[in-house]
Amino acid sequence: MLRINDVAQVGEERYRVLTISGSFVIWINIDSAKAFPEMVTLANIEQWVFDESLKRVDDTFSYLASVVVQQGTKAQEIRDNRHQLIAPLLVNEDIYYRNGRGPLVQARSEQTSTPKKTLYKHLRQYWQRGSIPNALLPDYSKSGAKGQKKSSSKKLGRPRKTSPGTGTTVDSAIERMFRIVIDRHYVNDKGHTMPYVHRRFTDMFETANPEVRQEDYPTVVQLRYFYEREYKKADRIRLRANRISYQKDIRPLTGTATAGVLGPGSRYEIDATIADIYLLSADRQSVIGRPTLYVVVDVVSRMVTGFYVGLENPSYVTAMSALTTSMSDKTQLCGRYGLEIIADQWPTVGIPDVILADRGELLGHQIESLEKAFGVRIENTPPYRGDAKGIVERYFRTLQAEFKPFAPGVVTGTRVRKRGGKDCRLDATLTLDDFTRIMLASILRRNQYAVLPKYDRDADMPSDMALTPLNIWNWGIQNRTGRLRTASEEALRIALLPRQKGLFVRFGCELFWCLLHIQGVIGIRLAASQRRTQGNQLACRL
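My numbering numbers the first residue of the sequence shown as 5 and each following residue consecutively.
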């Protein structure tokens, strides 16, 4: 049977139950703008149920119960004032009956100096929408004409007081000119201002409407209003920005760096940069320049799995050295520079599932041997999209920030030395081995002890686990799908060695722009290739 506040439909009418008194039910039609409470017997309701002419339906105003009204807003003030007006009437049960409702409303009208029509309107709204305070909220959703253009035969807006002329109403022809000049001069990466666009519009409007006085031309305010109304804010930002800058710096982020990565070893990121420091030769007698720093980082754990420091420019050969380090045991490397560690302190030994690089050294045929031999997938980022591998890009700044305050010869400020400025090359005191030892110690410290405060902790990660790269790596190996695969270091080095086509000549083999004598070449593997008239060409792998 029906309960208080239920909504029932009888025929085409919907009713809300206000109260049940004895054998009678008092309800109100929620679809009528002139409805008052009506009384019906329980016997009639029971008969309508048996005749299937009465059924319970969903309450269309149920959402009002969950509406959160901010304190101090206009809507909250209107709701409370309305409820305060009718609150004394609601506590009296005579308000539901026609004979008692009139005197009660009359007395309340005289007491508050409020028209009876207003009180009846508030009572009806309160009853029809669920008998809750939020039922008295104003219908702001019905105000105005959202998404519709205002049309009028006379010019809209405040009349001019100081400027001459009366202005012009913006019709469809003017809007078409607005759109043409905006699309042509404003919604691009040329950086034109709105006044410049308005001057282009003025030239077009003057040609099409020679009879209109200049003071009545559409203003730049009307042009800007049209632009803000017709172009969404997201589109305005996207269209005004350079495509590369938008993709890199402005576009909304829809995920995190670890999205779609299963566990440690799923994806490595590799990149190179020129370190901000000048180094000396081994005898400390001359400046040899700034070194190249390669870093390989695991995406899930943020652990630096490998690195390389050298004087060569970024190339496949230097990337090959960094990748070899990232996939092999690092204990001997650390021991070479006086740092004694055990394998558990740097456990990143194995071949990853994916290697992500930019469109540089790994975009070519040289890396194909590693792909085919071990099934590694090589991914390359789009041009000018360093944000696609933001983890390794950020590590360059993080690693260099640790030695910059202490190491001499650091490049600071502008790289162009001004007149009278200090030459940072004169302060250089570190050699290549010294700098490599510093970077190695910094990487070991970060891998083991650096806490990642902004790491996206998974729901099943222990809340008391310190988010260091080593802890995340070990936890991921135990609780996630570890993607590292073992391989012998010898096979890995052979797969990474650069390949080049060689040419047999009379005195030996031409390879890598050098002439190798056959008698002195040991350990060269030759794979038969197609023959040409000048000689037998062979693909050699050193």
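Note that the Cβ used here is the ideal one computed from N, Cα and C, for glycine as well. Just so you know, these numbers come straight off a predicted model, no measurement behind them.
Through-space distance from residue j to residue i, alpha-carbon basis
| i | j | result |
| --- | --- | --- |
| Asp468 | Asn475 | 11 Å |
| Tyr250 | Tyr229 | 25 Å |
| Leu58 | Ile49 | 8 Å |
| Pro409 | Asn451 | 21 Å |
| Gln336 | Arg288 | 26 Å |
| Leu141 | Ile82 | 7 Å |
| Gln132 | Arg20 | 7 Å |
| Asp187 | Gly269 | 48 Å |
| Pro199 | Thr206 | 10 Å |
| Tyr144 | Gln74 | 15 Å |
| Gly527 | Arg247 | Its pLDDT being 39, under 50, Gly527 is placed unreliably by the model, and the measurement read from it follows with that caveat. The alpha-carbon atoms of Gly527 and Arg247 are separated by roughly 51 Å. |
| Lys458 | Arg162 | 51 Å |
| Thr116 | Arg102 | 21 Å |
| Asp464 | Arg484 | 11 Å |
| Val224 | Glu232 | 12 Å |
| Thr556 | Arg240 | The displayed coordinates of the chain run from 5 to 546. Any statement about residue 556 would go beyond what the structure contains. |
Spatial neighbours of residue i in its chain, beta-carbon cut-off 7 Å, leaving aside the 5 residues before and after
| i | result |
| --- | --- |
| Thr328 | Leu496, Arg497 and Leu500 |
| Gln404 | Ala279 and Asp280 |
| Leu374 | Val380, Ala499 and Leu500 |
| Gly104 | Asp98 |
| Asn9 | Arg20, Val21, Gly134 and Ser135 |
| Ile371 | Ile382 |
| Arg242 | Tyr250 |
| Gln129 | Ala139 and Leu140 |
6 Å CB neighbourhood of residue i in its chain, flanking five on each side removed
| i | result |
| --- | --- |
| Asn138 | Leu68 and Val71 |
| Val301 | Glu273, Val308, Ile395, Val396 and Tyr399 |
| Arg86 | His126 and Leu140 |
| Gln226 | Val174 |
| Gln13 | Lys59 and Val61 |
Cβ distance (whole Å) where residue i is taken to contact residue j below 8 Å
| i | j | result |
| --- | --- | --- |
| Arg271 | Val303 | 4 Å |
| Pro356 | Leu488 | 6 Å |
| Gly480 | Gly310 | About 18 Å separates the two Cβ atoms, so there is no contact after all. |
| Thr23 | Ile30 | 5 Å |
| Arg164 | Gly171 | 7 Å |
| Ser27 | Leu46 | 5 Å |
| Leu284 | Ala432 | 5 Å |
| Ala276 | Leu297 | 7 Å |
Contacting residues, own chain, Cβ-Cβ under 8 Å from residue i (five flanking each side not counted)
| i | result |
| --- | --- |
| Leu366 | Ile274, Tyr320, Ala323, Ile359, Ile382 and Asn384 |
| Ile442 | Phe407, Ala411 and Leu434 |
| Lys158 | Thr173 |
| Leu448 | Cys338, Leu343, Ile345, Gln349 and Trp350 |
| Gly354 | Gly269, Met331, Leu488, Arg489, Thr490 and Ala491 |
| Val415 | Asp280, Ile281, Tyr282, Arg294 and Cys428 |
Cβ-heavy atom distance, residue i to the ligand FAD, below 7 Å
| i | result |
| --- | --- |
| Thr223 | Questions concerning the ligand FAD fall outside what the structure shown contains, since it holds no ligand whatsoever. |
Sub-8 Å separation of residue i and residue j beta-carbons
| i | j | result |
| --- | --- | --- |
| Ala411 | Leu434 | yes |
| Asp219 | Pro168 | Reading off the sequence, residue 219 comes out as Glu, not Asp. Yes, the pair counts as a contact, with Cβ atoms nearer than the cut-off. |
| Leu436 | Val313 | yes |
| Phe209 | Tyr190 | no |
| Leu123 | Ile99 | no |
| Arg18 | Val53 | no |
| Cys513 | Tyr282 | no |
| Arg306 | Pro473 | yes |
| Thr258 | Asp460 | no |
| Val109 | Leu94 | no |
| Pro295 | Phe439 | yes |
| Lys252 | Tyr341 | no |
| Asp63 | Val11 | yes |
| Val185 | Val201 | yes |
| Asp333 | Ala347 | yes |
| Ile32 | Glu42 | yes |
| Ala377 | Pro386 | no |
Those residues which DSSP pairs with residue i across a bridge
| i | result |
| --- | --- |
| Ser467 | In the DSSP output, where bridge partners are listed per residue, Ser467 has none listed. |
| Arg381 | Val358 |
| Glu42 | Trp31 |
| Val300 | Ile274 and Gly310 |
| Arg18 | Gln13 |
| Val216 | Answer by DSSP bridge pairing: none, since Val216 is not bridged. |
| Ser25 | Phe28 |
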